[in-house]
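A.B. asks: Here's a structure for you.
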DNA sequence: GTGACTGGTTGTAGACCGCAACCAAACTGC
DNA sequence: GCAGTTTGGTTGCGGTCTACAACCAGTCAC
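Protein chains in written order, with the UniProt record's numbering: chain A, 1 to 162; chain B, 1 to 162.
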């Protein structure tokens, strides 16, 4: 036995609520969270800045989205000059994407905006609670991951989605 | 000062990750989470079952979506016989929505499916951790709420989204 | 009764998403 | 080296979820 049905319901309700609120915040407080970047800019530019130039498929995997989606988003970022593309020397089919000066600046600006915003939204939190929540969330995400990513492998407890 | 920048970044990253994973789970594990209901069925039928017949606008507010969206979703549920509509005796413009027998059964079936699913996904959790996380999440949602709901009131620290 | 208000519906449009089809480069075997 | 297959990426298309604006009809104030 793991957790009681009541607690399970409460927990799933809390999660659902957070997901919903998160979506709303990200549309309402868009200016504070995105800056001049499009909504997906953060998720794509951050790995580029942190891990250096990489392929479109790598970004897609990292962001947990389909390559086709990443392709379009990257194209948009490239149009806006936040990202630049050069042919991969090791493989003529692929492109290596890297963040531009302009992209770095935009990312930094967005980071600062987010910091300000978080300062207001999380003012009631102290260090230990925040860390505790973060740890628990990471654990939860890790447990949920198998049900999210890569479509269910054959023979798993997870039947085909439809 | 509230929490350190590092912790703040970590926490926001954890939240973003949960939101993303949550979205993926809800598409991948759709069959386990929704049953025969459409994706929005849970959010609408649950309040109807718990609080009894109510108006469309009430459901919308509860679910945190626009009335127009709720109206369409309710129409779909009504077409499928999960919900029925009768004129509000107190106000001829409004309809009172209530869950039907069929809706109740579908909701119960979905609830059972979810219980099974959660049993697997949350098998590593114990009661105290789950409660703790749930409490922290609720607190977080409460702090985020002002930035989510009702468009920013004039004179608030939150400028117009765009 | 006339005018303002309000609950709800519908038209329209935008943001994301994934799948399928496709192109071109790269690898494989012979 | 040349068919046949695999692989990185792009594009076409359709579906879902969302909000806003325009609108209709019933209600309320006076």
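Ideal Cβ positions, reconstructed from N, Cα and C, are used throughout, including at glycine.
If I measure Cβ to Cβ from residue 73 of chain B and keep anything under 7 Å in the same chain, skipping five residues before and after, which residues do I get?
C.D. replies: The sequence position of residue 73 of chain B within the second chain is 73, counting from 1. So the list reads 40, 44, once near-sequence residues are dropped.
A.B. asks: Out of curiosity, what's the CA-to-CA distance linking residue 21 of chain B and residue 65 of chain B?
C.D. replies: In the second chain, counting from the first residue as 1, residue 21 of chain B sits at position 21. In the second chain, counting from the first residue as 1, residue 65 of chain B sits at position 65. About 21 Å.
A.B. asks: Using C-beta distances below 6 Å, list every residue in its chain close to residue 77 of chain A, excluding the 5 sequence neighbours before and after it, in chain order.
C.D. replies: Sequence index remark: in the first chain, residue 77 of chain A carries index 77 (1-based). Result list for residue 77 of chain A: 83, in chain order.
A.B. asks: Using the rule of at least 16 other Cβ atoms within 10 Å of the residue's Cβ for burial, across every protein chain shown, is residue 7 of chain A buried or exposed?
C.D. replies: The sequence position of residue 7 of chain A within the first chain is 7, counting from 1. With 16 or more Cβ atoms within 10 Å of its Cβ, residue 7 of chain A is classed as buried.
A.B. asks: In chain B, what lies closer than 8 Å to residue 5 of chain A by C-beta?
C.D. replies: Residue 5 of chain A sits at position 5 when you count from the first residue of the first chain. Here the neighbours are 115.
A.B. asks: Any Cβ of chain B within less than 8 Å of the Cβ of residue 17 of chain A?
C.D. replies: Counting from 1 along the first chain, the entry for residue 17 of chain A is found at position 17. It does: the Cβ of residue 17 of chain A has a partner Cβ on chain B nearer than 8 Å.
A.B. asks: Given residue 87 of chain B, which residues of its chain have a CB within under 8 Å of its CB, disregarding the five upstream and five downstream residues?
C.D. replies: Your numbering for residue 87 of chain B matches position 87 in the second chain. 94, 95, 96, listed in sequence order.
A.B. asks: Can you confirm whether residue 50 of chain A, when its beta carbon is compared against all beta carbons of chain B, has any partner nearer than 8 Å?
C.D. replies: One-based indexing of the first chain puts residue 50 of chain A at position 50. Judged by the 8 Å Cβ criterion, residue 50 of chain A is not in contact with chain B.
A.B. asks: From this set, A:79, A:70, A:50, A:139, which residue's C-alpha is nearest residue 59 of chain A's C-alpha?
C.D. replies: Position 59 of the first chain, counting from 1, holds the residue named residue 59 of chain A. Of A:79, A:70, A:50, A:139, the residue nearest in Cα terms is A:70.
A.B. asks: Span of the alpha helix (DSSP H) holding residue 95 of chain B?
C.D. replies: Walking along the second chain from the start, residue 95 of chain B turns up at place 95. First-last for residue 95 of chain B: 95-99, but that is the beta strand (DSSP E), not the alpha helix (DSSP H).
A.B. asks: Using beta carbons (cut-off 8 Å, strictly below), is residue 25 of chain B in contact with chain A?
C.D. replies: Here residue 25 of chain B corresponds to residue number 25 of the second chain, with the count starting at 1. At least one chain A Cβ lies under 8 Å of residue 25 of chain B.
A.B. asks: Cα separation between residue 33 of chain B and residue 101 of chain A?
C.D. replies: As a position in the second chain, residue 33 of chain B is number 33, starting the count at 1. As a position in the first chain, residue 101 of chain A is number 101, starting the count at 1. Residue 33 of chain B and residue 101 of chain A: Cα-Cα distance of roughly 44 Å.
A.B. asks: Taking the C-alpha atoms as reference points, what is the distance between residue 62 of chain B and residue 54 of chain A?
C.D. replies: Taking the second chain and counting its residues from 1, one reaches residue 62 of chain B at position 62. Taking the first chain and counting its residues from 1, one reaches residue 54 of chain A at position 54. Straight-line Cα distance between these residues: approximately 43 Å.
A.B. asks: Ignoring anything shorter than 4 residues or poking outside the UniProt domain "HTH marR-type" (8-142) of chain A, list the alpha helix (DSSP H) runs there in chain order.
C.D. replies: Listed in chain order, they are 30-34, 41-51, 56-63, 67-79, 101-121.
A.B. asks: If you draw a straight line from the C-alpha of residue 147 of chain A to the C-alpha of residue 90 of chain B, how long is it?
C.D. replies: The residue you call residue 147 of chain A lines up with position 147 of the first chain. The residue you call residue 90 of chain B lines up with position 90 of the second chain. Distance between the alpha carbons of residue 147 of chain A and residue 90 of chain B: 47 Å.
A.B. asks: In terms of alpha-carbon separation, which member of A:4, A:25, A:42 lies closest to residue 169 of chain A?
C.D. replies: For chain A, the structure presents residues 1 to 162; residue 169 of chain A sits outside this window and is missing.
A.B. asks: I'd like to check one pair, residue 133 of chain B with residue 141 of chain A: are the Cβ atoms closer than 8 Å?
C.D. replies: Translated into positions along the first chain, residue 141 of chain A becomes position 141. Translated into positions along the second chain, residue 133 of chain B becomes position 133. Cβ distance not < 8 Å, so residue 141 of chain A and residue 133 of chain B don't count as in contact.
A.B. asks: Hey, how far is the Cα of residue 5 of chain A from the Cα of residue 127 of chain B?
C.D. replies: In the first chain, residue 5 of chain A corresponds to position 5, counting from 1. In the second chain, residue 127 of chain B corresponds to position 127, counting from 1. Taking the straight line joining both Cα atoms gives about 10 Å.
A.B. asks: Please report the distance separating the alpha-carbon of residue 124 of chain A from that of residue 79 of chain B.
C.D. replies: Within the first chain, the letter at position 124 stands for residue 124 of chain A. Within the second chain, the letter at position 79 stands for residue 79 of chain B. Roughly 46 Å between the two C-alpha positions.
A.B. asks: So which residues of chain A does residue 137 of chain B contact, with C-beta pairs closer than 9 Å?
C.D. replies: On the second chain, position 137 is the one that residue 137 of chain B refers to. Those are 11, 14, 15, 17, 18, 133, 136, 137, listed as they occur along chain A.
A.B. asks: Please return the same chain residues whose Cβ sits closer than 7 Å to the Cβ of residue 111 of chain A, not counting the five positions on each side in sequence.
C.D. replies: Translated into positions along the first chain, residue 111 of chain A becomes position 111. There are no such residues.
A.B. asks: Rounded to the nearest angstrom, what separates residue 85 of chain A and residue 27 of chain B at their Cα positions?
C.D. replies: For the purposes of this step, residue 85 of chain A is taken as residue 85 along the first chain, with counting starting at 1. For the purposes of this step, residue 27 of chain B is taken as residue 27 along the second chain, with counting starting at 1. Roughly 32 Å between the two C-alpha positions.
A.B. asks: By Cβ distance below 8 Å, which residues in the same chain neighbour residue 3 of chain A in space, the five residues on each side in sequence not counted?
C.D. replies: As a first step, residue 3 of chain A must be located in the first chain, where it is residue number 3. Result list for residue 3 of chain A: 11, in chain order.
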